[in-house]
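Asker: The structure is given below, and queries will be raised subsequently.
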Amino acid sequence: MGEVGLTYPGLSGKTKEDFGHGDARFVTYMNVYSNAVANPDGVEAIEKDDRQHEVMNGDVFFTGSSETPDEVGLSSVWLGNSTDTYLNSFCFGYRPSKQLDSLFLASSLRSPQMRSRIILLAQGISRFNISKTQVMQLPLCFPSLPEQRRIGDFFSTLDSLIAAAERQETLLRQKKQAYLQLMFPQEGETEPRLRFSGFIQNWRMHRMSEMVAPLNSIQQIMPDRDIEYRLWSVPSFQLGVPENVRGSRIMSSKLVLERDDILLSKINPRIQRIWRVDSDGTLPDVGSTEWVVFRAKPSKASPLFLKALLSSPLFYRYMVSTEKGATGSQKRADKTLLMSSCYWLPSLSEQQRIGAFFHLVDATLLTVQRNLAGLKELKRAYLQRMFI
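Using our numbering, read the sequence shown as starting at -11 and increasing by one per residue.
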């Protein structure tokens, strides 16, 4: 890299009093860390200083230190044209002396091959640093300029598709939260602010224990070694699908689950984990004892409505208020208190309508998330195959 460019340092000789005011700007560490192509708005104010190095269009920034070796030396290309803009003191800059396509560099320097080379240079114990001298000794492989541009444009298009999918996911999440706020009565209210047309019956207050089967009615077993189960564990929630596991691999007792059970993780309740058992019945369903099982009473509650209720801001606030334990994974929601809490419920027919609506929202959100995951996986595969 040193044969086709030169490095320069970030800000120096500054104290905390120098930041937050002034007519100049500096590119923040998080902007470099988070973006292969730096965000031109990811800057903060500082006083003008002729002793500092101004960044230029086409420069590449590298994080000089990080808490883990995997995050050190992350690159970010600058495409801005602003003047009086510097680089933060925890990064260093690289200015190519040979004409190289910036979008090509953005992908090339974050490819698995280059990241592996950079990570090997990380030094430290509790905090890791990287030598820009050593970075300049790394090989930088690139094709002709026209091919660079084709590759850069290709990955730029992929990044645009990923960004659009991320915006769509964020918008759907925001809409869902807004509907949960509007379609369930909040504190001090007896009816929601938004209802489907045709429903005029009053909502009635019910204790959670009136809506669902008693917790002690959920059977707990030690799985049979010779039977294959569908295991609904807290880790598999992150993947979105339960795991098929033989009983011989299950080392602790599990809850026996039924279709349409609603599972709520009591571990660290601030991380909201809610799952509906939608099994097809081909395998017996069992779940971790870290779940609180909400099994709707058919005469009182619709399972899909119940899932939406457990997702509502009102329930979330109460659930968090019941947590006990020290910190993080040691915290647990109090399931007894959850069962004693009270909520307004509409008629079963209105519950079913509300539940079906949020089920559709969740299905749409899942489709967007899978599309986003597919695009990210596609990018990872191309980064692996299109660079040396």
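Glycine included, C-beta positions come from ideal geometry on N, C-alpha and C.
Along the chain, where does the alpha helix (DSSP H) containing Gly362 start, and where does it finish?
Answerer: Residue mapping note: residue 362 aligns to position 374 of the sequence shown, counting from 1. Leu336 to Arg373 is the extent of the alpha helix (DSSP H) around Gly362.
Asker: With 16 as the cutoff for other CB atoms within 10 Å, does Met102 come out buried or exposed?
Answerer: Locating residue 102 in the sequence shown gives position 114, where the first residue counts as 1. Answer is buried; the Cβ neighbour count reaches 16.
Asker: If you follow the beta strand (DSSP E) that Ser253 is part of, which residue opens it and which one closes it?
Answerer: For the purposes of this step, residue 253 is taken as the residue at position 265 of the sequence shown. Its beta strand (DSSP E) spans residues Ile250 to Ser253.
Asker: For the alpha helix (DSSP H) that Gly140 lies in, which residues bound it at each end?
Answerer: As a first step, residue 140 must be located in the sequence shown, where it is residue number 152. Taken as a continuous stretch (DSSP letters only), the alpha helix (DSSP H) holding Gly140 covers Leu133 to Leu170.
Asker: Where Val43 and Ala321 are concerned, what is the direct C-alpha to C-alpha distance, given to the nearest angstrom?
Answerer: Counting from 1 along the sequence shown, the entry for residue 43 is found at position 55. Counting from 1 along the sequence shown, the entry for residue 321 is found at position 333. Rounded to whole angstroms, Val43 to Ala321 spans 50 Å at the Cα level.
Asker: Does Asn69 pass the burial test, meaning 16 or more other C-beta atoms within 10 Å, or should it be called exposed?
Answerer: Stepping through the sequence shown from its first residue, residue 69 is reached at position 81. Its Cβ having fewer than 16 others within 10 Å, Asn69 is exposed.
Asker: To the nearest whole angstrom, what separates the beta carbons of Thr51 and Phe78, a pair I think is in contact under 8 Å?
Answerer: The residue given as residue 51 occupies position 63 in the sequence shown. The residue given as residue 78 occupies position 90 in the sequence shown. Between Phe78 and Thr51 the Cβ distance is about 7 Å, and since that is below 8 Å, they are a contact.
Asker: Using 8 Å as the threshold, is the region 254 to 273 in touch with the region 295 to 315, meaning 3 or more CB pairs across them?
Answerer: These segments touch.
Asker: Taking just the CA atoms, how far does Leu203 sit from Ile106?
Answerer: Against the sequence shown, residue 106 aligns to sequence position 118. Against the sequence shown, residue 203 aligns to sequence position 215. About 53 Å.
Asker: Near Tyr167, which residues of its chain fall below 8 Å by C-beta distance, leaving aside the five closest residues on each side in sequence?
Answerer: Locating residue 167 in the sequence shown gives position 179, counting from the first residue. These residues qualify, in order along the chain: Leu182, Phe345, Phe346 and Val349.
Asker: Once you ignore the five residues that flank Glu32 on each side, which residues in its own chain have a CB closer than 8 Å to its CB?
Answerer: Your numbering for residue 32 matches position 44 in the sequence shown. Phe7, Gly8, Arg13, Phe14 and Thr16, listed in sequence order.
Asker: Among Ser114, Ser85, Leu88 and Ser253, whose alpha-carbon lies nearest the alpha-carbon of Thr277?
Answerer: On the sequence shown, residue 277 is found 289 positions in, with the first residue counted as 1. Residue Ser253 is the option with its Cα nearest to Thr277.
Asker: Rounded to the nearest angstrom, what separates Leu109 and Ala284 at their Cα positions?
Answerer: The residue labelled residue 109 in the question sits at position 121 within the sequence shown. The residue labelled residue 284 in the question sits at position 296 within the sequence shown. For Leu109 and Ala284, the distance between alpha carbons rounds to 56 Å.
Asker: Among Lys312, Pro291 and Ser241, whose alpha-carbon lies nearest the alpha-carbon of Ile262?
Answerer: Here residue 262 is taken as the residue at index 274 of the sequence shown, counted from 1. Here the closest residue by C-alpha is Pro291.
Asker: In the structure shown, what three-state DSSP assignment does Pro(-3) receive?
Answerer: In the sequence shown, residue -3 corresponds to position 9, counting from 1. Pro(-3) falls in the strand class under three-state DSSP.
Asker: Quick check on the DSSP output: the alpha helix (DSSP H) that includes Arg425 runs from which residue to which?
Answerer: The first residue shown for the chain is -11 and the last is 376, placing residue 425 beyond what the model contains.
Asker: Give every residue of the same chain whose Cβ lies closer than 6 Å to the Cβ of Thr310, excluding the five residues on either side of it in the sequence, and list them in chain order.
Answerer: The residue labelled residue 310 in the question sits at position 322 within the sequence shown. Only Ala321, Asp322 and Leu325 meet the Cβ criterion.
Asker: Which one or two residues does DSSP pair with Pro230 in a beta bridge?
Answerer: Position 242 of the sequence shown, counting from 1, holds the residue named residue 230. Its beta-bridge partners do not exist; DSSP assigns none.
Asker: By DSSP's criteria, Met193 is part of a beta bridge. Which residues make up the other side?
Answerer: On the sequence shown, position 205 is the one that residue 193 refers to. DSSP, once it has assigned bridges, lists Trp332 as partnering Met193.
Asker: What three-state label does DSSP hand Asp273 in the structure shown?
Answerer: Here residue 273 is taken as the residue at index 285 of the sequence shown, counted from 1. The answer is strand: DSSP assigns Asp273 an E or B state.
Asker: So for Asp11, helix, strand or coil by DSSP?
Answerer: Here residue 11 refers to the residue found at position 23 when the sequence shown is read from its first residue. Here Asp11 sits in strand by DSSP.
Asker: Are there 16 or more other CB atoms within 10 angstroms of the CB of Val229, so buried, or fewer, so exposed?
Answerer: Locating residue 229 in the sequence shown gives position 241, counting from the first residue. That one is exposed.
Asker: Quick check on Ser77: does DSSP put it in helix, strand or coil?
Answerer: Translated into positions along the sequence shown, residue 77 becomes position 89. Correct three-state label for Ser77: coil.
Asker: For Gly10 and Glu35, which I take to be in contact (beta-carbon distance under 8 Å), what is that distance rounded to the nearest angstrom?
Answerer: Sequence index remark: in the sequence shown, residue 10 carries index 22 (1-based). Sequence index remark: in the sequence shown, residue 35 carries index 47 (1-based). About 4 Å; that satisfies the 8 Å criterion.
Asker: Give me, in chain order, the residues of the same chain whose beta-carbon lies closer than 6 Å to that of Phe375; leave out the 5 immediate sequence neighbours on both sides.
Answerer: Sequence index remark: in the sequence shown, residue 375 carries index 387 (1-based). Cβ within range, chain order: Ser96, Ser99 and Gln101.
Asker: Please state whether the Cβ-Cβ distance between Arg247 and Ser267 is less than 7 Å.
Answerer: Here the question's residue 247 lines up with position 259 in the sequence shown. Here the question's residue 267 lines up with position 279 in the sequence shown. Against a cut-off of 7 Å, the Cβ pair of Ser267 and Arg247 comes out as a contact.
Asker: Sort Ile150, Ile342, Trp66 and Pro57 by Cα distance to Ile113 and report the nearest one.
Answerer: By one-based count along the sequence shown, residue 113 stands at place 125. Of the candidates Ile150, Ile342, Trp66 and Pro57, the one whose C-alpha sits nearest the C-alpha of Ile113 is Pro57.
Asker: Can you name, in chain order, every residue of its own chain whose Cβ lies under 7 Å from the Cβ of Gln169, other than the five neighbours on each side?
Answerer: The count along the sequence shown starts at 1 and reaches residue 169 at position 181. Only Pro301 meet the Cβ criterion.
Asker: Roughly how far, in whole angstroms, is the beta-carbon of Leu437 from the beta-carbon of Leu160, given that I think they are within contact range, below 8 Å?
Answerer: Residue 437 lies beyond the range of the chain shown here (-11 to 376); nothing can be said about it.
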